[in-house]
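*Asks:*
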Amino acid sequence: MDRLLPCVGALRLVDHHCHGVLGVDLDRAGFESNLTEAGSVSPLGTSLFDSSLGLAVRRWCGPLLDLPPLAPADEYLARRRSLGAAEVNRTLVSAAEISMFLVDRGLWPEGFAGPAVFTGSRELAVLRLERLAEDVVPAGASVFPARVREALNSTGAVAAKSIAAYRVGLDLDPARPSDAEVVAAADRWLASGSGRCADAVISRFLVWEALDRGLPVQVHVGYGDADLTLHRCDPSLLTDLLRATEPLGVPVVLLHNYPFHRTAGYLAQVFPHVFVDVGLATHAVAHQASRVLAEALEVVPFGKFLFSTDAYALAELYYLGALTFRRALSDFLSAGLREHAFALADAERIARLIGWENAQRVYRLE
Amino acid sequence: MDRLLPCVGALRLVDHHCHGVLGVDLDRAGFESNLTEAGSVSPLGTSLFDSSLGLAVRRWCGPLLDLPPLAPADEYLARRRSLGAAEVNRTLVSAAEISMFLVDRGLWPEGFAGPAVFTGSRELAVLRLERLAEDVVPAGASVFPARVREALNSTGAVAAKSIAAYRVGLDLDPARPSDAEVVAAADRWLASGSGRCADAVISRFLVWEALDRGLPVQVHVGYGDADLTLHRCDPSLLTDLLRATEPLGVPVVLLHNYPFHRTAGYLAQVFPHVFVDVGLATHAVAHQASRVLAEALEVVPFGKFLFSTDAYALAELYYLGALTFRRALSDFLSAGLREHAFALADAERIARLIGWENAQRVYRLE
Amino acid sequence: MDRLLPCVGALRLVDHHCHGVLGVDLDRAGFESNLTEAGSVSPLGTSLFDSSLGLAVRRWCGPLLDLPPLAPADEYLARRRSLGAAEVNRTLVSAAEISMFLVDRGLWPEGFAGPAVFTGSRELAVLRLERLAEDVVPAGASVFPARVREALNSTGAVAAKSIAAYRVGLDLDPARPSDAEVVAAADRWLASGSGRCADAVISRFLVWEALDRGLPVQVHVGYGDADLTLHRCDPSLLTDLLRATEPLGVPVVLLHNYPFHRTAGYLAQVFPHVFVDVGLATHAVAHQASRVLAEALEVVPFGKFLFSTDAYALAELYYLGALTFRRALSDFLSAGLREHAFALADAERIARLIGWENAQRVYRLE
Numbered sequence: 001m002d003r004l005l006p007c008v009g010a011l012r013l014v015d016h017h018c019h020g021v022l023g024v025d026l027d028r029a030g031f032e033s034n035l036t037e038a039g040s041v042s043p044l045g046t047s048l049f050d051s052s053l054g055l056a057v058r059r060w061c062g063p064l065l066d067l068p069p070l071a072p073a074d075e076y077l078a079r080r081r082s083l084g085a086a087e088v089n090r091t092l093v094s095a096a097e098i099s100m101f102l103v104d105r106g107l108w109p110e111g112f113a114g115p116a117v118f119t120g121s122r123e124l125a126v127l128r129l130e131r132l133a134e135d136v137v138p139a140g141a142s143v144f145p146a147r148v149r150e151a152l153n154s155t156g157a158v159a160a161k162s163i164a165a166y167r168v169g170l171d172l173d174p175a176r177p178s179d180a181e182v183v184a185a186a187d188r189w190l191a192s193g194s195g196r197c198a199d200a201v202i203s204r205f206l207v208w209e210a211l212d213r214g215l216p217v218q219v220h221v222g223y224g225d226a227d228l229t230l231h232r233c234d235p236s237l238l239t240d241l242l243r244a245t246e247p248l249g250v251p252v253v254l255l256h257n258y259p260f261h262r263t264a265g266y267l268a269q270v271f272p273h274v275f276v277d278v279g280l281a282t283h284a285v286a287h288q289a290s291r292v293l294a295e296a297l298e299v300v301p302f303g304k305f306l307f308s309t310d311a312y313a314l315a316e317l318y319y320l321g322a323l324t325f326r327r328a329l330s331d332f333l334s335a336g337l338r339e340h341a342f343a344l345a346d347a348e349r350i351a352r353l354i355g356w357e358n359a360q361r362v363y364r365l366e
Numbered sequence: 001m002d003r004l005l006p007c008v009g010a011l012r013l014v015d016h017h018c019h020g021v022l023g024v025d026l027d028r029a030g031f032e033s034n035l036t037e038a039g040s041v042s043p044l045g046t047s048l049f050d051s052s053l054g055l056a057v058r059r060w061c062g063p064l065l066d067l068p069p070l071a072p073a074d075e076y077l078a079r080r081r082s083l084g085a086a087e088v089n090r091t092l093v094s095a096a097e098i099s100m101f102l103v104d105r106g107l108w109p110e111g112f113a114g115p116a117v118f119t120g121s122r123e124l125a126v127l128r129l130e131r132l133a134e135d136v137v138p139a140g141a142s143v144f145p146a147r148v149r150e151a152l153n154s155t156g157a158v159a160a161k162s163i164a165a166y167r168v169g170l171d172l173d174p175a176r177p178s179d180a181e182v183v184a185a186a187d188r189w190l191a192s193g194s195g196r197c198a199d200a201v202i203s204r205f206l207v208w209e210a211l212d213r214g215l216p217v218q219v220h221v222g223y224g225d226a227d228l229t230l231h232r233c234d235p236s237l238l239t240d241l242l243r244a245t246e247p248l249g250v251p252v253v254l255l256h257n258y259p260f261h262r263t264a265g266y267l268a269q270v271f272p273h274v275f276v277d278v279g280l281a282t283h284a285v286a287h288q289a290s291r292v293l294a295e296a297l298e299v300v301p302f303g304k305f306l307f308s309t310d311a312y313a314l315a316e317l318y319y320l321g322a323l324t325f326r327r328a329l330s331d332f333l334s335a336g337l338r339e340h341a342f343a344l345a346d347a348e349r350i351a352r353l354i355g356w357e358n359a360q361r362v363y364r365l366e
Numbered sequence: 001m002d003r004l005l006p007c008v009g010a011l012r013l014v015d016h017h018c019h020g021v022l023g024v025d026l027d028r029a030g031f032e033s034n035l036t037e038a039g040s041v042s043p044l045g046t047s048l049f050d051s052s053l054g055l056a057v058r059r060w061c062g063p064l065l066d067l068p069p070l071a072p073a074d075e076y077l078a079r080r081r082s083l084g085a086a087e088v089n090r091t092l093v094s095a096a097e098i099s100m101f102l103v104d105r106g107l108w109p110e111g112f113a114g115p116a117v118f119t120g121s122r123e124l125a126v127l128r129l130e131r132l133a134e135d136v137v138p139a140g141a142s143v144f145p146a147r148v149r150e151a152l153n154s155t156g157a158v159a160a161k162s163i164a165a166y167r168v169g170l171d172l173d174p175a176r177p178s179d180a181e182v183v184a185a186a187d188r189w190l191a192s193g194s195g196r197c198a199d200a201v202i203s204r205f206l207v208w209e210a211l212d213r214g215l216p217v218q219v220h221v222g223y224g225d226a227d228l229t230l231h232r233c234d235p236s237l238l239t240d241l242l243r244a245t246e247p248l249g250v251p252v253v254l255l256h257n258y259p260f261h262r263t264a265g266y267l268a269q270v271f272p273h274v275f276v277d278v279g280l281a282t283h284a285v286a287h288q289a290s291r292v293l294a295e296a297l298e299v300v301p302f303g304k305f306l307f308s309t310d311a312y313a314l315a316e317l318y319y320l321g322a323l324t325f326r327r328a329l330s331d332f333l334s335a336g337l338r339e340h341a342f343a344l345a346d347a348e349r350i351a352r353l354i355g356w357e358n359a360q361r362v363y364r365l366e
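Protein chains in written order, with UniProt numbering: chain A, 1 to 366; chain B, 1 to 366; chain C, 1 to 366.
1. On the criterion of 16 or more Cβ atoms from any shown chain inside 10 Å, does B/Gly303 qualify as buried, or is it exposed?
2. Using a cut-off of 8 Å between C-beta atoms, extract the partners of B/His220 located in chain C.
3. Pull the bridge partners of B/Glu123 from the DSSP assignment, please.
4. Under 8 Å: do the region 45 to 63 of chain B and the region 316 to 326 of chain B share three or more Cβ pairs, one atom per stretch?
5. Any beta carbon of chain B sitting closer than 8 Å to that of A/Phe307?
6. To the nearest angstrom, how far is it from the Cα of B/Met1 to the Cα of B/Thr324?
7. Output yes if chain C places a C-beta closer than 8 Å to the C-beta of A/His283; else output no.
8. When the cut-off is 8 Å and only beta carbons count, does B/Asp104 lie next to chain A?
9. Ignoring anything shorter than 4 residues or poking outside the region 232 to 300 of chain C, list the alpha helix (DSSP H) runs there in chain order.
10. Using the Cα positions of C/Tyr363 and C/Arg291, report the straight-line distance between them to the nearest angstrom.
11. Rounded to whole angstroms, what is the Cα-Cα separation between C/Asp66 and C/Leu107?
12. Shorter than 8 Å from the beta carbon of A/Arg361 to some beta carbon of chain B?
13. Near A/His287, what residues of its chain come up, given a Cβ to Cβ distance below 7 Å and the 5 sequence neighbours on each side ignored?
14. Would you grab the beta carbon distance between A/Leu237 and A/Leu170 for me? Rounded to a whole angstrom, and I think it's under 8 Å.
15. Look at the alpha carbon of C/Phe205 and the alpha carbon of C/Ala160, and state the distance between them as a whole number of angstroms.
16. State the CB to CB distance for the pair C/Pro301 and A/Leu48, rounded to an integer number of angstroms; the pair is presumed to be in contact (CB under 8 Å).
17. Beta strand (DSSP E) containing A/Asp15: first to last residue?
18. Any heavy atom of the ligand COA inside 7 Å of the beta-carbon of B/Leu255?
19. Can you pull out the residues from the region 222 to 254 of chain C whose beta carbon lies closer than 8 Å to at least one beta carbon of chain A?
20. If the cut-off is 7 Å on Cβ atoms, which residues from the region 293 to 305 of chain C count as contacting chain A, listed in chain order?
21. Looking at the structure shown, is B/Ser82 part of a helix, part of a strand, or coil, going by DSSP?
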């Protein structure tokens with residue numbers, strides 16, 4: 001950590017997008033299946049510890065569990081089990097030194113807890129829109145629009161989140177659907193017998209309704225698991241919707257974006273209400289995060305870029321999400337200072353904006 | 001500047017694609033709205049000085065106006081106003097040390113002047129095709145093809161330029177449209193009452209007619225303002241049109257290209273008449289230009305890559321366009337020399353080709 | 001070569017995808033037309049020696065022919081001719097130090113020889129599926145499915161290869177076509193009089209039939225010559241087919257991938273049967289291969305990445321394919337070691353997996 005610029009080492013971080021922490025002990029298969037976006041370990045492809053992220057777990061998390069750096073994966077997992085999930089989660093999530101978490105509780109299996117449980121820091125809710133739709137649609141298609149609005153009116157969440165990328169892709173018609181269209185879509189959905197919200201009309205309706213209420217909307221973009229099709233998650237596909245929603249003046253925050261992070265930066269530059277991050281990618285690429293973050297920061301205004309871990313299930317991912325981000329941000333700023341592209345006060349301002357000030361402004365925190 | 005290789009520091013530069021310089025004094029909002037591709041400053045996103053480009057203005061342009069490097073933005077703008085636009089424009093455009101400008105006069109608000117006014121260097125015209133169409137279509141649909149041809153026959157321009165990317169996207173039918181199709185399209189356009197050329201048949205017609213007359217055609221690709229949709233500006237969408245126009249043997253020059261600059265480089269490698277640049281991106285990413293330029297130079301033959309600033313309105317952008325390009329090119333060549341990938345004579349040849357020889361050959365200058 | 005880590009300098013390499021070596025002497029035009037993916041030298045664009053690859057030929061291959069590094073192109077070509085193709089091929093292919101070649105014999109003009117002829121190493125066959133279809137379709141549409149199956153049943157090849165990217169693009173319907181559909185497609189093909197397999201139904205049929213027999217299928221993706229359209233060669237377009245074929249548990253290997261190598265890495269992470277390489281790009285970008293390889297290795301598990309040259313015709317490309325790969329891999333590993341991202345044993349394991357172990361597992365070699 002000694003390579004960190006002081007203004008990054010001491011930087012307050014608001015994690016504006018993450019998930020819950022799994023509180024149960026894991027065997028090797030269980031651990032690996034949560035490590036990356038792969039659903040399970042491939043017998044054809046060796047172990048998922050053979051990856052940038054797997055190396056980072058052994059390199060950085062091992063020492064926090066009193067192992068030498070880069071102890072073998074089996075030793076790491078044995079030590080993890082002997083300490084127990086509660087102790088490991090407390091140690092690793094605390095070590096992330098994150099001041100506040102915005103947590104998407106949309107996918108929340110048994111045994112999950114919010115990360116703030118382990119740190120005593122503050123936790124705020126992000127409402128997953130598709131989950132909301134799935135919760136209220138059983139009441140019937142005709143009342144579906146009203147039920148969605150009621151839920152949004154009374155939510156305590158600071159933001160909403162759309163996973164349209166996973167369900168219908170991002171090539172959304174920008175028009176606000178009429179209630180009649182929404183009811184018809186809910187009708188089709190109920191008739192299909194599926195519990196899963198996977199209808200473009202409903203996805204658009206949810207985004208518009210959230211923005212109407214001044215709720216910033218986070219949108220999954222790019223990198224994720226095998227349920228998505230990457231070229232349908234190009235943020236550029238959202239352009240018409242971004243044009244249509246710009247007059248509302250409510251933030252739309254593009255999450256992850258890898259490998260479309262340059263395209264996302266362009267959108268954040270030209271649309272006043274668009275913000276971006278490279279969460280998930282940062283720890284996924286681990287020791288290579290400096291290049292990815294530098295690319296992401298090419299054209300995006302520094303007032304439009306946010307920090308997130310997108311950590312899910314494994315406490316390691318909170319810690320590594322924060323660590324790889326801090327190292328990459330420090331490298332970015334150090335490189336600029338070294339060639340006198342900006343002064344120390346500029347570096348400090350950029351760090352502050354990205355670490356927490358942008359999140360505070362976007363989500364109107366405190 | 002002392003890090004520049006001598007062969008780059010003394011390099012003659014032909015800016016094969018830029019715009020006019022604004023001759024009026026600007027307040028902060030006016031300056032920022034011309035600084036990046038954002039239409040205006042976002043109240044949600046701090047200042048556009050919080051960007052790589054904003055830092056570069058303070059770092060590099062400030063000292064030319066007798067300020068210390070990285071003086072605050074407000075000081076910079078106050079100094080700029082106290083000197084007056086004429087003096088600032090002369091100072092900054094001259095400092096770019098560009099030997100010749102090819103200027104697109106298609107967007108030329110009141111108060112614009114050609115950059116050569118400030119330097120005494122030579123200026124040649126690039127004819128914006130959509131603007132030509134907009135100028136001649138009021139004469140009537142039936143005479144539209146003939147009027148376009150007459151104008152192209154008598155143009156003093158050294159190249160034509162298409163902004164089809166902005167108007168209809170780059171996924172153009174490659175076929176040369178018949179006059180009957182063009183007249184029908186002009187008819188529809190006139191009936192629409194719009195003054196704006198936004199018809200794919202007409203875009204194709206304009207490109208074909210310019211190439212028929214041996215006029216190299218510059219095509220806007222990739223990065224630009226919020227009027228375009230980035231995935232519709234992927235240069236690969238032009239592939240069929242490039243195949244169809246290859247037999248004419250007239251250059252097609254893909255402009256900007258970011259973030260599709262690798263795809264553009266591929267097209268320049270495999271199509272004999274295709275050339276590329278990374279104008280606009282170079283100063284937009286500012287101190288990070290070395291990586292973008294290096295990527296752009298991965299597979300493109302060095303005989304197919306050109307320098308441009310794509311500067312518009314602000315004199316800062318001519319200076320920074322040339323400065324960031326020179327630094328990035330020098331970094332590229334120095335890195336190659338350092339690992340003995342090529343010899344000094346090779347570096348000098350690459351610099352010469354990219355700086356001006358390719359432009360001279362493509363546009364038959366002198 | 002002295003910058004290579006010992007574990008890379010001594011690394012066994014299995015080239016899992018390459019072509020034949022041309023045994024005839026070449027003039028400058030003949031040499032240049034085989035050097036890059038350009039079909040011929042452009043009079044508009046100087047020489048193809050003005051490229052990263054052209055410089056690498058002069059830098060690295062010259063000294064193996066007893067010329068000083070970076071001797072002029074004409075000297076290099078004169079020396080090449082005076083030694084004769086047989087001697088040059090033996091020298092350069094041997095210098096690649098490749099232990100085993102998997103050779104696609106689908107495009108095999110007169111004068112071609114397998115690379116192992118020059119080295120005494122082992123050579124295995126990859127069956128080009130479109131070539132197989134072209135060979136058997138003249139027997140008639142009704143027997144086409146059976147003839148394809150017979151050929152696949154009796155092939156001695158260790159893998160099949162699809163060039164659907166070139167013929168129909170990668171946006172393939174994932175469904176296994178029925179025999180009736182295949183016969184109808186073969187009928188249409190025969191009626192067209194074309195000798196060329198360019199039908200999506202047949203492409204899909206060939207891939208499914210190969211996988212059914214446990215034959216790993218290599219798929220051309222991304223970078224290639226002017227016959228392809230790059231955006232139709234995005235590996236993400238294969239997602240539905242990858243989902244559909246996953247249950248078979250037979251490897252699908254995405255070749256080249258540039259500039260979509262990050263997308264390919266994502267697919268290799270989330271689909272258990274998907275593997276990737278950056279063959280062709282490695283020597284095409286030459287001294288810049290380190291960045292491309294590092295990007296390709298961001299999210300791909302190290303158990304899913306393979307080495308290939310994709311060398312075709314020129315012996316230089318085998319040597320440079322191996323050399324640029326070794327240097328780039330060594331740079332990747334050295335950078336990680338330098339910042340203690342992993343230990344030497346990890347670096348050695350990653351090198352071994354990528355150099356030959358993954359190929360051995362995927363193709364069940366030995």
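Yeah, the Cβ is synthetic: ideal placement off N, Cα and C, and Gly gets one too.
*Replies:* According to the data block:
1. Position 303 of the second sequence, counting from 1, holds the residue named residue 303 of chain B. Under this definition B/Gly303 is a buried residue.
2. Within the second sequence, residue 220 of chain B is the residue found at index 220, counting from 1. Within chain C, no residue comes near B/His220; the closest Cβ sits about 17 Å away, beyond 8 Å.
3. On the second sequence, position 123 is the one that residue 123 of chain B refers to. Bridge pairing for B/Glu123: B/Phe101 [DSSP].
4. yes
5. Position 307 of the first sequence, counting from 1, holds the residue named residue 307 of chain A. No, A/Phe307 does not count as interfacial toward chain B.
6. The residue given as residue 1 of chain B occupies position 1 in the second sequence. The residue given as residue 324 of chain B occupies position 324 in the second sequence. Bear in mind that a pLDDT of 46 at B/Met1, under 50, signals an unreliable position, so the number given afterwards is only what the model happens to contain. C-alpha separation (whole angstroms): 10 Å.
7. One-based indexing of the first sequence puts residue 283 of chain A at position 283. It does not: the Cβ of A/His283 has no partner Cβ on chain C nearer than 8 Å.
8. For the purposes of this step, residue 104 of chain B is taken as the residue at position 104 of the second sequence. Not closer than 8 Å to any Cβ of chain A, the Cβ of B/Asp104 fails to qualify, so no.
9. 239 to 245, 261 to 270, 281 to 285 and 289 to 296
10. One-based indexing of the third sequence puts residue 363 of chain C at position 363. One-based indexing of the third sequence puts residue 291 of chain C at position 291. If you take the alpha carbons of C/Tyr363 and C/Arg291, they lie about 28 Å apart.
11. For the purposes of this step, residue 66 of chain C is taken as the residue at position 66 of the third sequence. For the purposes of this step, residue 107 of chain C is taken as the residue at position 107 of the third sequence. Rounded to whole angstroms, C/Asp66 to C/Leu107 spans 32 Å at the Cα level.
12. Start at 1 with the first residue of the first sequence, and residue 361 of chain A comes out as number 361. With 8 Å as the cut-off, A/Arg361 counts as an interface residue toward chain B.
13. Looking up residue 287 of chain A in the first sequence gives position 287. Excluding residues up to 5 positions away in sequence, Ser52 and Ala56 lie with their Cβ nearer than 7 Å to the Cβ of A/His287 in the same chain.
14. By 1-based counting over the first sequence, the position of residue 237 of chain A is 237. By 1-based counting over the first sequence, the position of residue 170 of chain A is 170. With 8 Å as the limit, A/Leu237 and A/Leu170 qualify as a contact, their Cβ atoms being about 4 Å apart.
15. Position 205 of the third sequence, counted from the start, is the residue given in the question as residue 205 of chain C. Position 160 of the third sequence, counted from the start, is the residue given in the question as residue 160 of chain C. Straight-line Cα distance between these residues: approximately 13 Å.
16. In the third sequence, residue 301 of chain C corresponds to position 301, counting from 1. In the first sequence, residue 48 of chain A corresponds to position 48, counting from 1. Confirmed, about 6 Å.
17. Walking along the first sequence from the start, residue 15 of chain A turns up at place 15. Where A/Asp15 is concerned, the enclosing beta strand (DSSP E) stretches over Val14 to Cys18.
18. Only the bare structure without any ligand can be found here, which leaves the ligand COA out of the picture.
19. From the region 222 to 254 of chain C, only Asp234, Ser236, Leu237, Thr239, Asp240, Arg243, Gly249 and Pro251 have a Cβ closer than 8 Å to chain A.
20. Ala294, Glu298, Val299, Pro301, Phe302, Gly303 and Lys304
21. Within the second sequence, numbered from 1, the residue matching residue 82 of chain B stands at position 82. In this structure, B/Ser82 counts as helix in the three-state DSSP scheme.
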